[in-house]
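> In the working numbering, the protein residues as written are 521 to 721.
Handing you this structure, nothing more for now.
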Amino acid sequence: MTDQPLHDEATLAFYDREAGAYAARKDQAGPHLAAFLEKLEPGAKILELGCGGGQDAAAMIAAGFDVTPTDGSAGLAREAEKRLGRPVRVMKFAELDETDAYDAVWANACLLHVPEEGLPNVLGRIHRALRPGGRFYAGFKAGDGGTRDSLGRYYNFPDEARLRAAYAAAGPWAQIELRHGQGGGFDGVMREWLHVEVVKP
């Protein structure tokens, strides 16, 4: 699509180093995931991007969905495999090249690491991978532009206007819902979050 950077090597290296500790966290998407799954048909085919330790994938599989878990970190993919008892594909966002393949895409707290200039590209790849009528959720930490946190991880930290523009560039979408919330993270810092859910026409 373009030659824009679609991942950050230092961030992936962090997750490889900290895979065991990160995967051991009890944090899950909780109500966001439950509400998302309620809108899907039974047995829907779901691509999970940035599956981390596999907690969300485990919940989706237990609920009867056909889940393809992936992560850009080989270390986290191995941790997720231990939890799920099945292969987890090591896949960077730039390697997503499927068309009309999934009923839904779940990307909880992972697209927030995409370099700001590459976000429309990644969102476009997800749009292409969704089947017509497919649903897509992603969560972002809000801010005023890309920078690194205290642990050295890159975040795109968009505001609402910037995030809506990135989605519009990747569309079209039949509907878009953006909700604000508060939440923490591995660095222990509470921040404002932007929860985005869209549907492909």
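Note that CB positions come from ideal geometry on N, CA and C, so glycine has one too.
Are P604 and A577 closer than 8 Å when you measure CB to CB?
As written in the sequence, residue 604 is Leu, which differs from the Pro given in the question. Against a cut-off of 8 Å, the Cβ pair of A577 and L604 comes out as a contact.
> Which residue from R609, Y675, E637, F706 puts its Cα closest to that of A686?
Here the closest residue by C-alpha is E637.
> Relative to the C-alpha of T588, which residue among L567, L526, G595, G572 is closest?
Checked all of L567, L526, G595, G572; the closest Cα to T588 is L567.
> Whole angstroms are fine: how far does the CA of A627 sit from the CA of C571?
Their Cα atoms are separated by approximately 8 Å.
> Closest by CA to E561, which one among R655, L632, A530, V716?
Here the closest residue by C-alpha is R655.
> Assuming the contact rule is C-beta atoms closer than 8 Å, K720 and P652 should be a hit. Round their C-beta distance to whole Å, please.
6 Å between Cβ atoms; contact.
> What residue does the beta strand (DSSP E) around F660 start on, and which one ends it?
Start and end: 650-661.
> Would you tell me roughly how many angstroms separate the C-alpha atoms of D707 and F660, rounded to the nearest one?
D707 and F660: Cα-Cα distance of roughly 15 Å.
> Could you tell me whether the segment 528-539 touches the segment 552-560, using the rule of 3 or more Cβ pairs below 8 Å?
Taking 8 Å as the limit for Cβ pairs, the verdict is that the segment 552-560 does not touch the segment 528-539.
> Roughly how many angstroms lie between the CA atoms of K705 and L698, to the nearest whole one?
Position check: residue 705 holds Gly in this sequence, whereas Lys was assumed. Near 20 Å, if we compare the C-alpha coordinates of L698 and G705.
> Would you tell me roughly how many angstroms separate the C-alpha atoms of G540 and R609, rounded to the nearest one?
G540 and R609: Cα-Cα distance of roughly 18 Å.
> Measure the C-alpha to C-alpha separation of W713 and Q702 and round it to an integer number of angstroms.
Taking the straight line joining both Cα atoms gives about 6 Å.
> Residues bridged to T619 by DSSP?
Answer is none; T619 lacks a bridge partner.
> Would you mind listing the alpha helix (DSSP H) stretches within the segment 586-616 that are 4+ residues and don't spill past its ends, in chain order?
Runs of the alpha helix (DSSP H) inside the segment 586-616: 594-604.
> Sorted by chain position, which residues of the same chain lie with C-beta nearer than 6 Å to R606's C-beta, five sequence neighbours on each side aside?
For R606, where only same-chain residues beyond five positions count, there are no Cβ hits under 6 Å.
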